[in-house]
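Taken in order, the sequence shown gives residues 0 to 173; the numbers are from numbering that gives the first Met the number 0.
Note that beta-carbon positions come from the ideal geometry of N, C-alpha and C, so glycine has one too.
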Amino acid sequence: MAMGEIRIPVDTATTPGGLPQCCAAHGRVAVRQVDFALQSRVQVDGNRVLSSSLLGVADRIGERARRVKVARVRGWPLCRGCARRRSVLFGLSQLLFWGGLASIAAALLVRLIGGVQATFLGVLAFGGFIVALASVVPFVAGSLPRITRARTSDDGGSVIVEDPHPAFVAQTRG
Numbered sequence: 000m001a002m003g004e005i006r007i008p009v010d011t012a013t014t015p016g017g018l019p020q021c022c023a024a025h026g027r028v029a030v031r032q033v034d035f036a037l038q039s040r041v042q043v044d045g046n047r048v049l050s051s052s053l054l055g056v057a058d059r060i061g062e063r064a065r066r067v068k069v070a071r072v073r074g075w076p077l078c079r080g081c082a083r084r085r086s087v088l089f090g091l092s093q094l095l096f097w098g099g100l101a102s103i104a105a106a107l108l109v110r111l112i113g114g115v116q117a118t119f120l121g122v123l124a125f126g127g128f129i130v131a132l133a134s135v136v137p138f139v140a141g142s143l144p145r146i147t148r149a150r151t152s153d154d155g156g157s158v159i160v161e162d163p164h165p166a167f168v169a170q171t172r173g
């Protein structure tokens, strides 16, 4: 076990009320509890170059699906700051995605209905495409595994929290 991580048994993490009542990242009192699924980190062996065919990719995906372990965490505590961060980043990702799609649709509609051929329409459509793709960044940054710094162990027997606050550790062991 690396310095700065704690292991919580899966039975504790998947039972409502089994987790501490303070935030793992900041140690503040939880204002919200969330349920979500945590996955283990899996490295699939094999050469990616040699398995770049469709069957090779499907085999790697199947191997990963067999090896990954999932824990359905119940009642994970989030402080006001973590809950706000999640809401803001999720809202930003939604704004970027739907704004990008609206930009693409607007460029297509102006071209089809108005019959206008202009460079700015291509720029508008391409910019919308890039903005929609960029929505992935805040979506991943605001995901619960990132905010909680937690993952399932390779064997699926525990939930590992990286760099937890001392108050969270004390309540976990208490």
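Sequence-distant residues of its chain with Cβ nearer than 6 Å to A1 (five each side left out): Annotation note: pLDDT 41 at A1 (below 50); position unreliable, no value reported.
Looking at the structure shown, is L18 part of a helix, part of a strand, or coil, going by DSSP? coil
Our contact map puts L107 next to A124 with C-beta atoms below 8 Å; I'd like the distance itself, whole angstroms only. 7 Å
When we look at the beta-carbon of R172 and count the other beta-carbons within 10 Å, is it buried (16 or more) or exposed? exposed
Whole-angstrom C-beta distance between G80 and H25, which should lie under 8 Å: 6 Å
Under 7 Å Cβ to Cβ from I5, same chain only, skipping five residues before and after it: list those, please. V160, P163, V168, T171
Could you check if V158 is buried or exposed, using at least 16 other CB atoms within 10 Å of its CB as the buried criterion? buried
Quick one: Cα of P8 to Cα of L54, how far? 37 Å
Identify the continuous beta strand (DSSP E) that holds V30 and give its terminal residues. From DSSP, V30 is part of no beta strand (DSSP E); its letter is neither H nor E.
Do the segment 91–106 and the segment 54–72 meet, that is, are 3 or more Cβ pairs less than 8 Å apart? no
Cβ neighbours of V130 in the same chain (closer than 7 Å, five flanking residues each side left out): L95, G98, G99, S102
Whole angstroms is fine: what's the gap from V109's alpha carbon to I146's? 41 Å
Round the Cβ separation of V33 and L91 to the nearest angstrom and send it over; I've been treating them as touching at under 8 Å. Incorrect: roughly 19 Å between the Cβ atoms, too far for contact.
Taking Cβ positions, are C21 and V28 nearer each other than 7 Å? yes
Pull up the distance between the alpha-carbon of S142 and that of R85, whole angstroms please. 7 Å
Does any heavy atom of the ligand ZN sit closer than 6 Å to the C-beta of V56? As for the ligand ZN, it is missing from this structure, which has no ligand bound.
Nearest-angstrom Cα separation, counted from R148 out to V139: 12 Å
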